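Per the working numbering, numbering of the sequence shown is gapless, rising by one per residue and ending at 487.
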Amino acid sequence: MPQERTLVSFDWAIKYLLKNKADYVVLEGFLTTLLGKEIKIKSLPDSESGKRLADDKVNRVDVLAEEEDGSLVIVELQFTPEIDYFHRMLFGSSKSIVEYLGEGMPYSEVRKVYSINIVYFDLGIGKDYIYHGTTTFRGLHYNDELELSPAQRTEFARLEVKDIYPEYYLLKVDRFRDIVKSKLDEWMYYLKNSSIKSDFAAPGLLEADSRLEYSRLSPEDRRSYDKHVDNRRSEKSTIYTAKLEGKAEGHAEGKLEGEVLGEARGIEKGKAEGKAEGKAEGHAEGKVEGILQVAKKMKAQGIDIDVILKVTGLSVEDVAKLAV
């Protein structure tokens, strides 16, 4: 049975450990496995790769890598739910395009962007745990896909329109059920559990095993990582507590609202019942008055009293009281 080894979490690793070009192989392995093509990172901007944050209590990790062909790869790990996270994905890719297109440069110099989002909460509604989005154009009348012309393919070194626009990958870690069927699943297992099994062979995981094992960390890095893990637990606890408090508050408000609503419904019910009762009484009184009018007309026409009694159901005394 394959042995399982505990590693440091991927978000901490790419923020603090994978800073040297020799260590890019781990991140390159992940990107190669996900994108289905060999990825070689040219650089990781110093603003993201080389600094240690004074406050580690941030709920996301952002890495911007530059490929050797000039493409940009945004890797973001997000731990706390954000209802507008889809919008932030769009903003991040757009921001990178604008920042890396120099003033006066032609639009054809726009960088290809891969936006890779690793989220630890359930975003949107869907059965899968990995989603891929691209931009394509389809005809409204013939349903054909718009393609680049031969001249555009040659000029831009792109085969399809979607190769120009940003591509989005969404990895929903919490939906992964620890069932490993592919090399990408091996990476999903590591992203979720911060551990790998000895038979895993996905690109980058062998290097991750040698570089990211907890027991091999320096005392300083181990203390930093322990603090990081503790902060993550604190974040989860805060979110969990907020949910419980919100649930309790909602329950209390719902109970009060129910009592008020119940009282209001009782009043309305009373009104309705009174209205119905009055209507019934009025209906009954009207019915009796109608019978008396019929009996009165029959009596005026000289109809035999026995017939009047049988038709109206009145008593002899009631008929005798009728004035003709």
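No residue lacks a Cβ here, since even glycine has one placed at the ideal position from N, Cα and C.
Remember, it's a predicted structure, so these values are computed and weren't measured experimentally.
Look at A486 here: in three-state DSSP terms it is coil, with no helix or strand label.
Considering only T299, D307, P329 and P382, the residue with the shortest C-alpha distance to V236 is P329. For Y377, there is no enclosing alpha helix (DSSP H), since its DSSP letter is neither H nor E.
With contacts defined by Cβ atoms closer than 8 Å, Y332 and V171 do not form a contacting pair. Closest in alpha carbon position to T299, among Y292, I293 and D307, is D307. The Cβ-Cβ distance between G367 and F173 does not fall below 8 Å. Between the stretch 275-284 and the stretch 241-251, the count of C-beta pairs closer than 8 Å reaches three or more; the two stretches touch.
Of G287, V276 and L347, the smallest CA-CA separation from D326 is found for V276. In this structure S361 is in contact with P165, their Cβ atoms being roughly 5 Å apart against a cut-off of 8 Å. Taking T196 as the centre and dropping the five residues before and after it, the same chain places the C-beta of K346, L347, W350, A365 and P366 closer than 6 Å to its C-beta, in chain order. Within the same chain, Cβ atoms closer than 7 Å to the Cβ of D337 are found at Y283, F284 and D285, the five residues on either side in sequence being excluded.
Burial state of M252 is buried, judged by a 10 Å Cβ sphere holding 16 or more other Cβ atoms. Per DSSP, reduced to three states, the secondary structure at K203 is coil, with no helix or strand assignment.
Looking at K462, H295 and M268, the one whose alpha-carbon comes closest to that of L485 is K462. At a Cβ-Cβ threshold of 8 Å, L227 and P208 count as neighbours. Rounded to whole angstroms, the gap between the alpha carbons of E229 and K203 is 9 Å. In this structure, the straight-line span from the alpha carbon of D186 to that of F363 is close to 19 Å. Under DSSP, the beta-bridge partners assigned to R301 are E308. Taking each of V457, T169 and A320 in turn and checking the Cα distance to S271, the smallest one comes out for A320.
A distance below 6 Å between beta-carbons, with the five flanking residues on each side excluded, links R340 to no residue of its chain. Distance from the CA of I454 to the CA of A415, rounded to the nearest whole angstrom, comes to 57 Å. A Cβ-Cβ contact shorter than 8 Å links L334 with L354.
In the same chain as L264, and ignoring 5 residues on each side of it, the C-beta atoms closer than 7 Å to its own belong to E272 and V273, in chain order. With contacts defined by Cβ atoms closer than 8 Å, E318 and E310 do not form a contacting pair. When DSSP states are grouped into helix, strand and coil, G296 belongs to the strand group. When the beta-carbon positions are compared, V188 and E370 come within less than 8 Å of each other. A distance of 8 Å or more separates the beta carbons of W175 and Y352. For a cut-off of 8 Å, the C-beta gap from F242 to E398 is around 7 Å, short enough to register as a contact. DSSP places I237 in the uninterrupted beta strand (DSSP E) bounded by L235 to Q241.
Within the DSSP bridge table, the entry for R168 names I359 as partners. Separation of K205 and L181 (C-alpha to C-alpha, rounded to the nearest whole angstrom) is 14 Å.
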